[in-house]
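Sequence positions in the sequence shown follow the UniProt record's numbering and run 1 to 96. Below is one structure, written out as structure tokens, with a few remarks after it.
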Amino acid sequence: MAGPLYVTPGELAADAIIDAIHDGRRVVVTTTMLGEDHEVTLRHDGAIYYCDTPTRLHRHETESEMRTCIRNNGYGREDEDPNADTGDDRRDESRG
Numbered sequence: 001m002a003g004p005l006y007v008t009p010g011e012l013a014a015d016a017i018i019d020a021i022h023d024g025r026r027v028v029v030t031t032t033m034l035g036e037d038h039e040v041t042l043r044h045d046g047a048i049y050y051c052d053t054p055t056r057l058h059r060h061e062t063e064s065e066m067r068t069c070i071r072n073n074g075y076g077r078e079d080e081d082p083n084a085d086t087g088d089d090r091r092d093e094s095r096g
């Protein structure tokens with residue numbers, strides 16, 4: 001299984017994020033909150049979608065709910081332009 005996919009907010013479109021978590025990957029979004037970097041992990045266990053933030057674990061029952069979370073929190077790119085980069089050059093980085 002592939003390791004986590006590390007991205008910055010807006011780097012990928014929501015479709016690319018959803019595709020990655022459907023492929024079994026964890027998508028780790030590095031965000032800045034109150035001047036400090038924090039990691040948010042987006043994942044899917046086959047039934048439930050999860051958004052694991054530094055302060056709480058959000059559970060989403062449907063893909064639509066997860067897309068809303070991605071959009072509302074700015075994790076995915078706003079424009080869902082079909083010609084936009086969908087993340088083919090995704091970074092597979094291990095953070096040790």
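Note that CB positions come from ideal geometry on N, CA and C, so glycine has one too.
Query raised in the report: Which class does T55 belong to by DSSP, given the choice of helix, strand or coil?
Result: The residue given as residue 55 occupies position 55 in the sequence shown. T55: coil per DSSP, three-state reduction.
Query raised in the report: Should A20 be labelled buried (16 or more other beta-carbon atoms within 10 Å of its own) or exposed?
Result: The count along the sequence shown starts at 1 and reaches residue 20 at position 20. Result: buried.
Requested in this report: Please state whether DSSP places A13 in a helix, a strand or coil.
Outcome: Here the question's residue 13 lines up with position 13 in the sequence shown. In the structure shown, A13 sits in a strand (DSSP, three-state: E or B).
Query raised in the report: I think Y75 touches V28, with their Cβ atoms under 8 Å apart; what is that distance to the nearest whole Å?
Result: Locating residue 75 in the sequence shown gives position 75, where the first residue counts as 1. Locating residue 28 in the sequence shown gives position 28, where the first residue counts as 1. Between V28 and Y75 the Cβ distance is about 10 Å, and since that is not below 8 Å, they are no contact.
Report task. Give the straight-line distance between the Cα atoms of H38 and M66, rounded to the nearest whole angstrom. Result -> By one-based count along the sequence shown, residue 38 stands at place 38. By one-based count along the sequence shown, residue 66 stands at place 66. Answer to the nearest angstrom: the Cα atoms are 19 Å apart.
Query raised in the report: CA-CA distance, D23 and I70?
Result: Residue 23 sits at position 23 when you count from the first residue of the sequence shown. Residue 70 sits at position 70 when you count from the first residue of the sequence shown. Taking the straight line from one Cα to the other gives about 17 Å.
Requested in this report: For residue 135, count neighbouring Cβ atoms within 10 angstroms of its own Cβ and tell me buried if that reaches 16, exposed if not.
Outcome: No statement about residue 135 is possible, as the shown extent of the chain runs from 1 to 96 and does not include it.
**Report entry** Opening and closing residue of the alpha helix (DSSP H) in which E65 lies
**Finding:** In the sequence shown, residue 65 corresponds to position 65, counting from 1. Its alpha helix (DSSP H) spans residues 63 to 72.
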